[in-house]
Structure formats: structure tokens, C-alpha cells
Amino acid sequence: MGRQALVQGLQEVDKLKTQVQDVHVPLEVFDYIDQGRNPQLYTKDCIEKALAKNEQVKGKIDAYRKFKAHLLVELNTVFPNELSKYRAIRGDERALT
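Under the numbering used here, the first residue of the sequence shown carries the number -2, and numbering increases by one thereafter.
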């Protein structure tokens, strides 16, 4: 009876194989399994890494925005006419803040 159940189970797996043919599993998941870790931790770790990288990029974007604002203020002080022309070309007539 045990063999029959095993055979039926394997037949069922064989029938279902077409539903999972295009599933790609990152090799790192197998590393987690080999290390005795829960493979779901791989997803958690990936999300945490992505969030950390997102924070880094967000910090860089904020720094560039501040730099741009400071640069525009300084350029307006040194080259007011040229900056006025530049802003007109760009369609940005807002006052400098």
C-alpha cells in the first residue's frame, strides 16, 4: 500500500509539472536550503536589501536636489542675466527659493 501511494503521488507530480515549467528559482534559495535556513528568509532578505538601497538612492536624490537649489541661487547671484535666459529656455519662470 505504501508503494502504491508513492506511485500515485509521483504520477500526480508528473501531471502538475506543466503548471510549473516556467518557474525560475534563484540559486541563492538553494544556498539557503543547503545552510538549513528557511527559503522564505531569502525573500525577506532581498526585500530588506532593496529597502536599504532605496534609502541610499533617496538620500542621493535629496542631496542632488539641495545641490541644484544651492547652485541655482549662487548662479543667480553671479550670472543673473544668463540664468534668466536659461530659465526662459527651460520654461521655468519660477522665482529662486
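Yeah, the Cβ is synthetic: ideal placement off N, Cα and C, and Gly gets one too.
- Note on geometry: alpha-carbon atoms of Tyr39 and Glu25 lie some 8 Å from one another.
- Here Val20 carries a coil assignment [DSSP, helix/strand/coil].
- The three-state secondary structure of Asp89, taken from DSSP, is coil.
- By the CB criterion at 8 Å, Ile30 and Pro23 fall outside the cutoff.
- In the three-state scheme derived from DSSP, where H, G and I count as helix and E and B as strand, Pro77 is classed as helix.
- Per DSSP, Gln1 is one residue of the alpha helix (DSSP H) stretching across Gly(-1) to Leu13.
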